[in-house]
Amino acid sequence: MRRVPVFATLVVIAAVATMIALGIWQLRRAQWKEDLLTQYSAAAAMPAVDLDPLLDGRTQLPPLSFRRALVTCEARDAEADIHAGRNLQDRVGQVYVIPCRPGAAGLAGRLRVNMGWSERPDAPRRLSLHGIAAGRLSVVGEDGPIVLTAATAAPPLVPSQPTSIDSIPNNHMSYAFQWFFFAAAAAVIYVLALRHRMRRTLPPEP
């Protein structure tokens, strides 16, 4: 009877242990994402937040993702960044995003306003915004732009569809099951291979 290959067995054990650890990590990530989505849902139901007092950088920001918000903007003939997006009827087109306060430093310089949606690619690319913009914020990270989707669009644009919480996937649970499946499959395949090896007999001596 053949002996169990020590090195190969250790490699398989290490691989299976790693896959199980990755599955457990994904389970924890799934719970983290579920808690985060719950926070987003609670924020979406809160009253609108006035961003003006927060833009000086001296005030600690509350959680802003998916909050309704209003802010005073001063943008004159600003060139819009154009991205793929949808309107309130879920039609695909382009959305037009401009800086709220062009040239501003700090937090104010990160603020962008989604001015609206157009199905036509030849809508005006330069837009102005003077006064208060009100709408809903998208996901707000520590860095990067802060985008407010305006509830009222700049003509000839129509209102854009704000980022939906439902569009944020939580696939960590399925990833966890995949890792556990891979671990189980690797273990079963190796055990079957060992059984086949152990059943083999040495060739007879000549």
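Note that the numbering used here numbers the sequence shown so that position 89 is 1132, with each residue one more than the last.
All C-beta atoms, glycine included, are put in the ideal place defined by N, C-alpha and C.
Here the structure is a predicted model, which means the values were calculated and not measured.
Suppose you measure from the CA of residue i to the CA of residue j; what does that come to, to the nearest Å?
i     : j     : result
V1047 : A1057 : 16 Å
P1096 : V1140 : 23 Å
D1093 : T1115 : 9 Å
A1196 : I1067 : 46 Å
I1125 : F1109 : 21 Å
A1087 : R1111 : 7 Å
A1193 : Q1103 : 24 Å
A1219 : Q1132 : 36 Å
T1061 : F1224 : 13 Å
S1207 : P1167 : 26 Å
V1054 : Y1233 : 11 Å
A1127 : R1163 : 12 Å
F1050 : L1065 : 23 Å
W1222 : G1100 : 43 Å
P1090 : N1130 : 23 Å
D1078 : I1189 : 22 Å
R1240 : L1070 : 36 Å
R1242 : T1052 : 17 Å
I1063 : V1138 : 43 Å
P1198 : P1106 : 31 Å
Determine the closest residue to residue i out of the options, with distance taken between C-alpha atoms.
i     : options                    : result
L1172 : V1156, G1152, P1212        : V1156
H1215 : F1050, W1075, A1147        : W1075
D1165 : I1211, E1185, L1200, A1176 : L1200
E1117 : C1143, L1070, L1065, S1084 : C1143
T1081 : A1219, I1232, N1213        : N1213
S1210 : R1071, F1050, S1084        : S1084
R1134 : V1183, A1123, S1161        : S1161
G1136 : R1240, L1154, M1089, G1159 : G1159
L1098 : G1149, A1123, G1174, V1049 : G1149
R1169 : P1198, P1106, E1122, V1138 : E1122
Name, in chain order, the residues that DSSP records as bridge partners for residue i.
i     : result
D1093 : L1113
G1174 : C1116
S1161 : Q1137
S1203 : N1130
Let me confirm a value: residue i is counted as buried when at least 16 other C-beta atoms fall within 10 Å, else exposed. Which label applies?
i     : result
G1187 : exposed
A1176 : buried
L1235 : exposed
G1146 : exposed
V1183 : buried
S1181 : buried
S1203 : buried
R1153 : buried
Excluding the 5 residues flanking residue i on each side, which residues of the same chain have their C-beta closer than 7 Å to its C-beta?
i     : result
R1072 : H1215
Taking 6 Å as the limit between beta carbons, can you name the residues of its chain near residue i, skipping five residues before and five after?
i     : result
R1119 : S1171
R1179 : R1111, T1192, P1205
V1059 : A1226, A1229, A1230
A1151 : L1098, R1144
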